[in-house]
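If you're matching positions, the sequence shown starts at 9 in my numbering and goes up one per residue. We treat Cβ as the ideally placed atom computed from N, Cα and C, and that holds for glycine. Treat the numbers as computed from the prediction; the structure is a model and nothing was measured.
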Amino acid sequence: MHRRRRGITAGAGAVTALALVVGIAGTVEAADRAGGTDGGKRESARTRLYTPPANPDAYTQIGELVRAGRYRDAVGVARMVTTPQAVWFNGNGDDGSVRREVARVVRDAARERALPVLALYNVPGRDCSQYSAGGAANTAEYTAWIDEVARGIGKRKALVVLEPDSLALLPSDCGQDDDEGTLTDARYREIGHAVETLAALPGTTVYLDAGHSNWHGVGSIVPRLVRAGVERTAGFYLNASNYRSDDELAWYGTLVSGCLEHTLDGGDPASCPDQWTDRNDARAWLAANVTPDPSDQPHFVTDTSRNGKGPWYPETDQYPDPQDWCNPPDRGLGLRPTTRTGDPLHDARLWIKIPGESDGECLRGTEGPEDPARGTIDPPAGRWFPQQALELVRNAEPPLRP
9 MHRRRRGITA
19 GAGAVTALAL
29 VVGIAGTVEA
39 ADRAGGTDGG
49 KRESARTRLY
59 TPPANPDAYT
69 QIGELVRAGR
79 YRDAVGVARM
89 VTTPQAVWFN
99 GNGDDGSVRR
109 EVARVVRDAA
119 RERALPVLAL
129 YNVPGRDCSQ
139 YSAGGAANTA
149 EYTAWIDEVA
159 RGIGKRKALV
169 VLEPDSLALL
179 PSDCGQDDDE
189 GTLTDARYRE
199 IGHAVETLAA
209 LPGTTVYLDA
219 GHSNWHGVGS
229 IVPRLVRAGV
239 ERTAGFYLNA
249 SNYRSDDELA
259 WYGTLVSGCL
269 EHTLDGGDPA
279 SCPDQWTDRN
289 DARAWLAANV
299 TPDPSDQPHF
309 VTDTSRNGKG
319 PWYPETDQYP
329 DPQDWCNPPD
339 RGLGLRPTTR
349 TGDPLHDARL
359 WIKIPGESDG
369 ECLRGTEGPE
379 DPARGTIDPP
389 AGRWFPQQAL
399 ELVRNAEPPL
409 RP
């Protein structure tokens with residue numbers, strides 16, 4: 009009986025400490041959102057971004073850290089999950105449920121006078137049937153789903169990150185398509201319908217997938233964006249769920265934006281400089297071929313959720329397939345979300361990927377089941393990954409406030 013009572017007391021103390029930790033983190037975050045932060049610097053004004061409820065397993069981890077007396081780590085994870093980040097919709101459930109869930113999110117955000125970031129992730133054949141495989145069964149099912157998302161948003165404000173990897177990873181890129189390009193053609197129709205439907209909403213801003221700076225060259229991604237209807241959107245997003253550095257992304261975004269304007273005005277995208285061109289030569293090309301008015305060019309947003317330490321570079325030939333994008337070790341949170349970037353083409357830094365959620369059961373070309381870079385079995389894509397969550401917090405750049 010005595011042991012049972014001690015257990016109850018310890019549990020109650022842990023709950024109280026957990027509430028205190030989350031409360032402190034939430035209070036600091038509320039101050040951040042009121043005054044604005046950008047790597048610790050104050051901002052005079054900005055769009056307030058929405059913070060959704062955290063993954064329930066994050067609260068479990070915080071509680072375990074509190075019970076272990078690891079309060080600094082507990083506060084760090086709490087600070088991470090109370091930072092504005094995207095809400096993902098992946099097609100689980102019927103169309104009516106997604107309409108209701110989207111409506112709930114945009115309504116809650118409006119009540120807080122905040123802008124929600126919605127990551128829509130349900131295109132047929134998504135992720136080339138890899139770790140995040142799934143999506144709608146066909147084009148008809150997808151277009152019906154998009155229509156329900158649009159009904160859920162209605163007239164309220166939303167920033168839509170439309171279908172990560174949908175354009176940078178077409179069916180034709182991964183051997184899924186036939187010789188006629190049937191599935192790739194369908195992909196463009198699906199994205200085109202989503203653009204037409206969502207961009208028509210009065211409070212919705214749409215950005216299209218442009219991969220990241222270590223993937224497609226500028227002349228490769230620009231025709232895809234044009235074919236998908238980028239001229240009807242605000243522009244494109246970069247680095248979703250990846251780790252590329254801020255400088256690299258900003259330069260790539262500038263080049264893609266300039267090449268898009270050039271191409272939409274009738275120019276040849278093959279003539280555009282890419283991210284590997286000498287920067288002085290690229291700047292000269294931009295000055296000669298692109299209007300200096302940023303309002304005439306497509307804009308971009310970037311995912312800085314996990315790029316504080318930049319990309320992971322494993323030793324050469326250490327793994328048959330390094331999968332440097334898949335739960336790389338020792339990465340850190342990046343710059344905090346903000347709509348004040350100091351770059352007129354760069355609309356926002358966002359936390360698109362939910363930091364702390366796994367990229368998948370990474371095998372790096374081995375038979376597994378363990379991730380050879382970690383010596384553990386990684387959780388399935390989208391599940392909470394406590395080890396990675398702590399790495400991101402401890403290696404955050406800039407550091408999280410204590």
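What's the gap between the Cα of residue i and the Cα of residue j?
i: Ala194; j: Leu400; result: 38 angstroms
i: Gly160; j: Arg107; result: 4 angstroms
i: Pro336; j: Asn315; result: 11 angstroms
i: Pro407; j: Glu149; result: 44 angstroms
i: Gln69; j: Pro319; result: 26 angstroms
i: Leu175; j: Ile360; result: 17 angstroms
i: Arg402; j: Val83; result: 11 angstroms
i: Asp103; j: Leu343; result: 35 angstroms
i: Arg291; j: Gly350; result: 19 angstroms
i: Glu405; j: Gly340; result: 6 angstroms
i: Asp329; j: Asp379; result: 12 angstroms
i: Gly275; j: Asp289; result: 18 angstroms
i: Thr271; j: Glu365; result: 37 angstroms
i: Gly383; j: Arg372; result: 12 angstroms
i: Arg197; j: Pro210; result: 22 angstroms
i: Val214; j: Ala207; result: 6 angstroms
i: Asp155; j: Gly143; result: 15 angstroms
i: Tyr327; j: Thr55; result: 43 angstroms
i: Asp301; j: Phe308; result: 15 angstroms
i: Pro132; j: Ala145; result: 6 angstroms
For residue i, which of helix, strand or coil comes out of DSSP?
i: Ala111; result: helix
i: Thr55; result: coil
i: Pro104; result: One point to set straight first is that residue 104 is Gly, not Pro, in the sequence displayed. If DSSP states are grouped into helix, strand and coil, Gly104 belongs with the helices.
i: Asp379; result: strand
i: Asp217; result: strand
i: Thr384; result: strand
i: Val401; result: helix
i: Leu73; result: helix
i: Val89; result: helix
i: Val95; result: strand
i: Ala127; result: strand
i: Ala166; result: strand
i: Gly84; result: helix
Cβ atoms of residue j and residue i: under 8 angstroms apart, would you say?
i: Pro281; j: Leu257; result: no
i: Phe97; j: Val157; result: yes
i: Asp311; j: Leu358; result: yes
i: Leu268; j: Leu233; result: yes
i: Asn63; j: Ile385; result: no
i: Leu126; j: Ala152; result: no
i: Asp173; j: Arg235; result: no
i: Ser265; j: Asp367; result: no
i: Asp217; j: Glu171; result: yes
i: Thr91; j: Pro394; result: no
i: Thr212; j: Val168; result: yes
i: Asp332; j: Pro322; result: yes
i: His220; j: Leu246; result: yes
i: Val203; j: Thr241; result: yes
i: Gln283; j: Tyr260; result: yes
8 angstroms is my cut-off, CB to CB: does residue i come that close to chain D?
i: Asn98; result: This model lacks chain D altogether; it includes just one protein chain.
Alpha helix (DSSP H) segments (min. 4 residues) lying fully within the region 187-214
190-207
Ranges of the alpha helix (DSSP H) found wholly within the region 289-372, counting only runs of at least 4
Taking only runs of at least 4 residues, no alpha helix (DSSP H) segment lies wholly in the region 289-372.
On the three-pair Cβ rule with 8 angstroms, is the region 179-197 touching the region 218-228?
Because the criterion of three Cβ pairs below 8 angstroms is not met, the region 179-197 and the region 218-228 do not touch.
What ranges does the beta strand (DSSP E) occupy inside the region 213-287, keeping only unbroken runs of at least 3 residues that lie completely in it?
243-246
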